[in-house]
Amino acid sequence: MEKTTKGNGLNIKITSWNVRGIRKLNKLKQVLDRLKYLKSKIIFLQESHLIESEIHWIIKRWQGQVYHSSFTSHARGVIILIHKSITFQIIRTIKDPYGRYIIVQGHISTLKLNLINIYGPNNDNPSFYENLFLTLSTLEGFYIIGGDFNCTLNPSLDKSTQIDTSHSQTRNMLLNYIKDLRINEVWRTRNPTNKEFSCYSSSHQYHSRIDYFLISVELLPHVENCWYNSIVISDHAAVSLEIKVNKIDQGMKRWRMQTLLLKDSKFVTFIETCIDQYFEMNKDETTASIRWEAFKAYIRGEIISYSSNKNKQYNQELKLLERQIKSSEAEVYQSNDQTKLHKLNVLRTRYDKLTTEKVAKNLMWTKQAFYDQGEKAGKLLAWRIKQMQAERTINSIKSKLDILTTDPSEINENFREFYKNLYKSEYSGNKDTQAAFLNQLKFKTLLEEEKTTLDSPLTIEDLSEAIDSMNSGKTPGPDGLPIEFYKTFKNKLILPLLNMYEESYEAGILPDSLRLATITLLLKPNKPSTECSSYRGISLMGCDTKILCKALSRRLDKYLPTLIIDDQQGFIKARQGYHNIRRVLNVLHEKHNCKDTAMLSLDARQAFDRIEWDYLFEVLPKYGFGETFLKWIRLLYTDPKAQVLTNNNMSKLFNLQRSTRQGCPLSPLLFVLAIEPLAMAVRANTGISGIRIGGRDHLISLFVDHTIFFMSNLKISIPKLLHLIKEFCEFSGYTINNSKSELMFLNEEERRSPIVTTPFKTTTKGFTYLGIKVTPSLNEISITNYNPLVEKVTEMLNRWSNLPISIIGRINLLKMTILPKFLYYFQTLPLPLSDSFYDSLDKLFNQFIWSNRKARLRLKLLYLPYERGGLQVPNLRWYYMAAQLTSATHYFCPTTPPAWVDIEQQSVPDFPLNTFLYSSDLKTLKKTTKKPFLKNTIINWYAAHKHVGEHPELSQFAPIWGNERFIPGKNDGGFKLWKTKGIQKIKDLYVDGKLLTFDQLCKKYLIPPKHSFKYLQLKNFMSSKLKQIVDIPPLTKIEEVCVGDSKGKGFLSVFYNLLMLSSRNSAIDKLDAWRRDTFEDIDEEDWNQACLKAQKQTINTRFKLLQYKWLMRTYITPVKLHHMSSDIPDTCTKCLFEKGTLLHCLWECLKIQKFWKDVIGCLSELFKVKVPLEVKICVLGIYPVEFKQLQRKTKLTSSTQKIYSIMLERHGCTLPGTLEEGNCKFARTGKANIHRQG
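Position 1074 of the sequence shown, counting from 1, maps to 1074 under the UniProt record's numbering, and the rest follow consecutively.
So, in structure tokens, the structure goes:
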């Protein structure tokens, strides 16, 4: 926040600085730290030396707007930085393609400005300035021109030699345009006779003033000050200009705790002491609520104080050095004495050392983070690949009267009014209509013991589990305390928290800060930025409020499955969105081109934001919730307030009167409970006809507020539905967005000529539901969905292809960002994919993994688990198969399966789906199964068993009656009687895993005694398929997974791992090569362990890759180079005598042997045991049998590779001079780029 002067204005500091390159990370951080120290809000940087692809280094670190012009090489480059606290509304930018200037046109409040950053040519080049100033003359608004002009305007005052003949033409051109355009050189105007310089040329031993600001004369009255800072870090001084503009009310300054402090053990100890002291001194004098509110204010002050004191000594030393440097500069400018110049250089060196040490300390944390997790699938890797976010500044907005405003205060007020009206209750107050609507519905209710559990008192354990389950890294609420703070100090804060909650419960209202939320805005994709409704409002609530919400939601979550019918799949345990999609596709197939049928995709306008509280608290008791739990919910919705943040402006508070706030852990669950009565009413309304398939009507499918209606008899059903929805909307707050709701007739002719008129859009090409494009024809669905996905993935991988990320990092990128996109489609679209689809993606993945170079290992090897020599690259074929197997688990579900299972069951009414899988051979099943989704599941079921290597002759789930492979069961009606008695499948013949005798069978199932021959027929059939029939046929590995859990949680990963482990591929060829090279009989189990340890022995991905490349023999040796080109000798480049084979380069070379002796010596000394010098130990990490126990006790495993890897990292090369130099060079470049990005 900028300081304000006594007048009605805001002082803004603008700084221009030639930084002489910021490509090195420590230099970049030094520069940004200095700019922060100078408190500059608009910054002109020259000579950034950053090319276009490197600008993101600045964008990711600067809080605000970044505009730049880069050159094609690492030279020139200008950047304008505008801090987020300055509401600069951009109009346009003009860039010089040669990286010498950038013009940013816009306005601050009502002041229209042209910000021009210049890096002038070193030579006398008047045409450059002529072209630039001619461009400026066409721009509206005032000029602020800053930069390194590389030219003095008055050599007698601006150069220590008082002579400058090198830029005479440029000087004249500049002076002429200064006069013609009515611009003014600010510093010289304020210091007409002073001598002060901005640049020191050490090569020519002179000072000059070539950095300055030129501004429109109309801005001179706004200038508060203009001065040169010390020449430090760069050989140019930063020149600063302070101007005053009309004051903008930015509300209260926001504070947010920096979570990095929690890594400081001294800070943690300090805060623990503060917490203890505070609650020791404040026990019973005040209420628990006041105590908590005061505590947050107190601890915030202590955190700020600690942070300030931590930097105080550093800042004081920095200020002292600044003053000394400034004083010495003045002395040098006056006398040009060499002794004084030496003293000045010493001071500058001290300054550089001081700032560098601070940067180095910060970098230590960064490097540690990158060492630990830089290329793991996590936040750091995501940070390195993410695209730059769109600028968050809202430049203009339309008011209710459709008037466009650019004033920041008016923009903020418009949003405040928008959300105030959005959250203002429109409840009609017609309790009778509401009661009549709800009373006709049959609600599912809690059991008495469930109600008692929900009503039980809140406990410390509840709060502890809630805190632990909340995700870190989230933006905190208005109090600025993140969840990491509560996690770190949980044991000390949990009791005061509980006391405050309990007291608030009794009082019926939460403390002020717990009722407050800050609404931040995100522009929705492809929406106009001038409409308030185009922004998604996210409520940032205090973590102490969210902890209470989380504790309540964890209790409620357990009982939602019993209260909400499975038509609703959102935010309910064991229910997933893909069930809705598969249901839609099954209905679409079953009723394809059927007349008088349609699907309606209903879009609710701001569904969460419009739920009326009077309605919500009328509905909740209907589910049987007790008064205690309801009182907790009411507590959260008693007198809540909000404020809107736009362009760093905070609005005044306003009251909330409705909504379930987005960002609250409890909101989705409450919304699901609130919307369920609509679904109940639709199902209960006899005038609304669903689509009947088999014996079941399919009418409605929901995923939270995303609703699909399946309807027939449309001329009656649609009006009835519209009337019912209108009635529900009157009291619930639920509102339909007609323009986004889409009706698709299932009959092609009716799509062209609708048979009923609705307020909704009638679509002929389909609609999008839960991210899937649903087309009228199933034949088009795969192409319509997968083609855009493949195009997007290709674009992403091409964009990331040049990133300096290792093979392992690239594989993690595939797992983290690409795989989830395909998995969603694999689960929701149960349609077959062609081999060419997989082949093209395999090629794309392979190119990305190897950075568009020739692959050194086959992709089939990389798919394998670590212990088999792979890197677990995601195999899309296996994942697709695993997704289909996951769907098949619902065929084995003993409880109520998803609705789509019932539709697929109708196509084979004579068999349960799990027995139909075995009712015939695969060829016959493929021919006779008409349902495409069921057929696809069957194909993948058999393909997966084949892949796993299991071909059961007879399954427990094989049917008896109707089994094509059991002829009597196919033709003899007696076996149909058996089915009616309960003997459907082979498993039913067994009890406790043992085959029942015929007498036991008769007794258990009431089979007629005359059916003994049928029993013998069945036993004979079983004997022909099985080696023995006394014991029940064993389950296949896939069947074991299917019957193991009816909820389907984690099934996909289990199936994928099963398929991966069953692959026939291996790295045995690499093992054989090592056996031949070393003349060692290396055990395959030891080899597998060595491969596994290569990935598990260290958390650093670079060290993992180093050892993996050894084992997989991917390094380019002199021998390999010789095979590529006979001009290259095949001798070792170290000893220059022996052939440079891989073993020689890593082990046999005499010069390398000395290295290994040193490594083994270190290990022997470290672990107090004689470690033998063996190739298996040093190169492969395989220890002799006698060392196995020692490995477990001393963690000696792979220490050899660790020590070697650390030495490599320190020295920045592979085994010196023995492997391909080009590779080494590339590796070092990649490493340098990684550090630079860190």
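Don't be surprised by glycine CBs; every beta carbon is placed ideally from N, CA and C.
The shortest C-alpha to C-alpha distance from Thr937 to any of Tyr880, Gly974 and Cys893 is the one to Tyr880. Between Asn123 and Gln169, the alpha-carbon positions lie close to 10 Å from each other.
In the structure shown, Ala958 adopts coil according to DSSP, grouped into three states. Listed in chain order, the non-local C-beta contacts of Pro126 below 7 Å within the same chain comprise Gln169, Thr170 and Met173, local neighbours out to five positions each way being set aside. Apart from the 5 residues on each side of it in sequence, Leu175 sits with its Cβ closer than 8 Å to the Cβ of Leu153 in its chain, given in chain order. For a cut-off of 8 Å, the C-beta gap from Gly477 to Gly542 is around 4 Å, short enough to register as a contact.
Contact annotation: Arg582 and Ser701 have beta-carbon atoms that are not nearer than 8 Å. Under the DSSP definition of a beta bridge, Ser712 partners with Thr597 and Ser689. With at least 16 other beta carbons inside 10 angstroms of its own, Leu1106 counts as buried. Counting C-beta atoms within 10 angstroms of its own C-beta, Lys1134 has 16 or more neighbours from the protein chains shown and is therefore classed as buried.
Considered as a whole, the region 168 to 213 harbours 183 to 185, 199 to 201 and 206 to 208 as its complete beta strand (DSSP E) runs of no fewer than 3 residues, in chain order.
With fewer than 16 neighbouring CB atoms inside 10 Å of its own CB, Thr895 falls in the exposed class.
8 Å or more divides the Cβ of Gly687 from the Cβ of Asp697. Pairing Ser919 with Trp978, the inter-Cα distance amounts to about 16 Å. For Lys60, the three-state secondary structure derived from DSSP is coil. Annotation: the region 977 to 1041 contains the following complete segments of the alpha helix (DSSP H) (minimum length 4 residues), in chain order: 998 to 1005 and 1012 to 1025.
For the 8 Å CB-CB criterion, Phe731 and Tyr423 do not form a contact. Annotated three-state conformation of Ile1082 is coil, per DSSP. By the beta-carbon neighbour count (other beta carbons within 10 angstroms, threshold 16), Phe1079 is exposed.
The continuous stretches of alpha helix (DSSP H) do not include Leu770, and DSSP gives it neither H nor E. In the structure shown, the three-state DSSP call for Trp1110 is helix. Taking a 10 Å sphere around the C-beta of Lys994, we find fewer than 16 other C-beta atoms and assign the residue as exposed.
Straight-line measurement puts the Cα of Lys492 at about 46 Å from the Cα of Thr828. Check the Cα spacing between Phe728 and each of Val774, Leu645, Arg610 and Glu780: the tightest is with Arg610. Between Val873 and Leu862, the C-beta gap is smaller than 8 Å, which places the two residues in contact. Counting the other CB atoms within 10 Å of its CB gives Leu913 a total of 16 or more, which places it among the buried residues. Ranked by how close their Cα comes to the Cα of His83, the residues Ala435, Ser234, Ile144 and Trp62 have Trp62 in first place. Counting along the chain, the unbroken alpha helix (DSSP H) around Gly1161 starts and ends at Leu1150 to Phe1167. The C-beta distance from Gly624 to Lys451 rounds to 6 Å, short enough to fall under 8 Å. Counting of Cβ neighbours within 10 angstroms places Ser40 among the buried residues, the total reaching 16 or more. Between Asp1127 and Val1119, the beta carbon gap of about 14 Å keeps them out of contact (Cβ cut-off 8 Å). Cβ contact annotation for Phe213 (same chain, cutoff 8 Å, sequence separation greater than five): Ile14, Ser16, Ile144, Ile145, Gly146, Glu185, Val186, Trp187, Cys226, Val239 and Leu241, in chain order.
In the three-state DSSP reduction, Phe625 falls in the coil class, being neither helix nor strand. When the alpha-carbon of Thr794 is set against those of Glu272, Asn846, Met744 and Leu563, the nearest one is in Asn846.
Here the alpha carbons of Arg692 and Ile903 stand approximately 10 Å from one another. Scanning Arg877, Lys112 and Leu778 for the CA closest to the CA of Leu1052 turns up Arg877.
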